[in-house]
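K.L.:
Taking the numbering used here, the leading residue of the sequence shown gets 7, the next gets one more, and so forth.
I'd like to ask some things about the structure below.
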Amino acid sequence: MQLRVSAVQYHLHKIHSFQEFTNQVEHYIKTAEEFGSDFIIFPEFFTTQLMSIGNANGDALTIQELPSFTEQYRALFISLARTYKMHIIGGTHVIRKGDRLLNVAHMFYPDGRVVEQAKLHITPTEVNEWNMSAGDSLEVFETEKGTIAMLTCYDIEFPEIVRMAKAKGADVIFCPSCTDDRHGFHRVRYTSHARAIENQVYVVTTGTVGSLPTVDFMRANFGQAVVITPNDVPFPPKGIMVEGEFNQDMIVTADLNLELLYQVREKGSVTTWRDRRTDLYPDWETGELIRS
């Protein structure tokens, strides 16, 4: 089984209408279509660009107002997924459930279905400045090209949750991200490599680039798209199948061969998933959340 993935280094800049957002999004999807991609991933918080449209007074919208675009966002990506016959990981979009704000990754299927995965680990900035809430459960999603999980940015820094995704059957972890400096970027990057090695899975991650000068906490972005593999003979020695240029408006594309994952899990130089010591530490094979 092989799938082609494209990852977007989404360029944030001030816009004046939802149509401008639509045009930019469709540009990237058309590019991925030209490469024959099965999946395309956008970054975390890329829809904060909609906040720069502003209100009648010319002030940027607040994070509390971003969920007002949810219906338009979903309709746009459902239409694009159907039109271009592609699985679209629509980055993350902030939605409201009751009195809670959730940072939610969405996947749009070519047949019009939509699935969601709320971010499970929330950063101090998200809590203190935006009053965000954490999601409650982890899911994996079946597609005609294999089983995937969506874990957002900070989530990838927690090995337990990726163990659970693998235990539930995920072979590819899509990780939309948004980091404002090199420190944050490299935390996500280094832990993505660790998760790929520990679980013998692919990790596809990308981030925002550019700037939203009028939107608080989105003024600085440091991003790069990368497709990460396990470190074993069938794969590139550094575990990098493809990566973009730092902070450039671009898209990268690569083919993921799932059969290679199965081979290295069985007969690789190391077999980290099979060799985990469940007699010494908890087993995540059930994929169930364990609460203290």
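Glycine included, C-beta positions come from ideal geometry on N, C-alpha and C.
Which residue from Gln30, Asn63 and Phe41 puts its Cα closest to that of Phe48?
P.N.:
If we check each option's Cα against that of Phe48, Gln30 comes out closest.
K.L.:
Do Cys181 and Thr211 have their C-beta atoms within less than 8 Å of each other?
P.N.:
Yes, these two residues count as a Cβ contact at 8 Å.
K.L.:
Tyr16: which of Thr54, Phe45 and Ala202 sits nearest, CA to CA?
P.N.:
Closest option to Tyr16, Cα to Cα, is Thr54.
K.L.:
Which stretch, first to last residue, makes up the beta strand (DSSP E) that contains His33?
P.N.:
From DSSP, His33 is part of no beta strand (DSSP E) but of the alpha helix (DSSP H) over Phe24 to Glu40.
K.L.:
Following the continuous beta strand (DSSP E) through Gly96, name the residue where it begins and the one where it ends.
P.N.:
Its beta strand (DSSP E) spans residues His93 to Lys103.
K.L.:
Which residues share a DSSP beta bridge with Glu249?
P.N.:
Answer by DSSP bridge pairing, in chain order: Val232.
K.L.:
DSSP has Arg106 in a bridge; who is on the other side?
P.N.:
Beta-bridge pairing links Arg106 to Lys103.
K.L.:
So for Phe191, helix, strand or coil by DSSP?
P.N.:
Helix.
K.L.:
What did DSSP end up calling Tyr90 once you bin it into helix, strand or coil?
P.N.:
Three-state result, Tyr90: helix.
K.L.:
Following the continuous beta strand (DSSP E) through Tyr208, name the residue where it begins and the one where it ends.
P.N.:
Counting along the chain, the beta strand (DSSP E) containing Tyr208 begins and ends at Tyr208 to Thr212.
K.L.:
Can you check which of these residues, Arg282, Gln269, Phe24 and Gln78, is closest to Arg169 by C-alpha distance?
P.N.:
The option with the nearest alpha carbon to Arg169 is Arg282.
K.L.:
What residue from Leu67, Met7, Ile46 and Ser12 has the CA that sits closest to Ser23's CA?
P.N.:
Cα-wise, what sits closest to Ser23 is Leu67.
K.L.:
Using 8 Å as the Cβ pair cut-off and three pairs as the minimum, do the segment 73-87 and the segment 101-114 touch?
P.N.:
Touching, yes, given that three or more Cβ pairs across the two stretches are closer than 8 Å.
K.L.:
Which residue comes first and which comes last in the beta strand (DSSP E) that contains Leu264?
P.N.:
Looking at the DSSP string, Leu264 is not in any beta strand (DSSP E); the run it does join, the alpha helix (DSSP H), is Leu264 to Lys273.
K.L.:
Exposed or buried, which one is Asp161 when buried takes at least 16 other CB atoms within 10 Å?
P.N.:
By the 10 Å Cβ count, Asp161 comes out buried.
K.L.:
For Leu18 versus Val232, is the C-beta distance shorter than 8 Å?
P.N.:
Going by C-beta atoms, Leu18 is not nearer than 8 Å to Val232.
K.L.:
The alpha helix (DSSP H) with Ala171 in it runs from where to where?
P.N.:
Residues Pro165 to Ala173.
K.L.:
Give the secondary structure of Gln319 by DSSP, where H, G and I count as helix, E and B as strand, and everything else as coil.
P.N.:
Any property of residue 319 remains undetermined from this structure, which presents the chain solely from 7 to 298.
K.L.:
CB-CB under 7 Å to Asp186, same chain, minus the five flanking residues each way: which ones, in chain order?
P.N.:
The residues are Ala226, Asn227 and Phe228.
K.L.:
When you compare each of Ile179, Thr129, Phe27 and Gly118 to Val146 by their alpha carbons, which one comes out closest?
P.N.:
Per the Cα distances, Ile179.
K.L.:
Determine the extent of the beta strand (DSSP E) in which Pro182 is found, giving its start and end residues.
P.N.:
First-last of the beta strand (DSSP E) with Pro182: Val178 to Pro182.
K.L.:
On the DSSP bridge list, what partners appear for Arg10?
P.N.:
DSSP lists Asp261 as partners of Arg10.
K.L.:
Buried or exposed for Ile21, please, with buried defined as at least 16 other CB atoms from any protein chain shown within 10 angstroms of its CB.
P.N.:
Flag for Ile21 reads buried.
K.L.:
Quick check on the burial criterion: 16 or more other C-beta atoms within 10 angstroms. Buried or exposed for Met138?
P.N.:
Met138 comes out buried.
K.L.:
Return the first residue and the last residue of the beta strand (DSSP E) that Glu148 is part of.
P.N.:
It spans Phe147 to Thr149 - the beta strand (DSSP E) in which Glu148 sits, taken as one unbroken run.
K.L.:
Let me make sure I understand the geometry here. Which of Arg119, Trp136, Gly104 and Gly96 has the alpha-carbon closest to that of Val110?
P.N.:
Here the closest residue by C-alpha is Gly96.
K.L.:
On the criterion of 16 or more Cβ atoms from any shown chain inside 10 Å, does His199 qualify as buried, or is it exposed?
P.N.:
So His199 counts as buried.
K.L.:
Cα-Cα, which of Ala155, Glu39 and Met256 is closest to Asn205?
P.N.:
Of the candidates Ala155, Glu39 and Met256, the one whose C-alpha sits nearest the C-alpha of Asn205 is Ala155.
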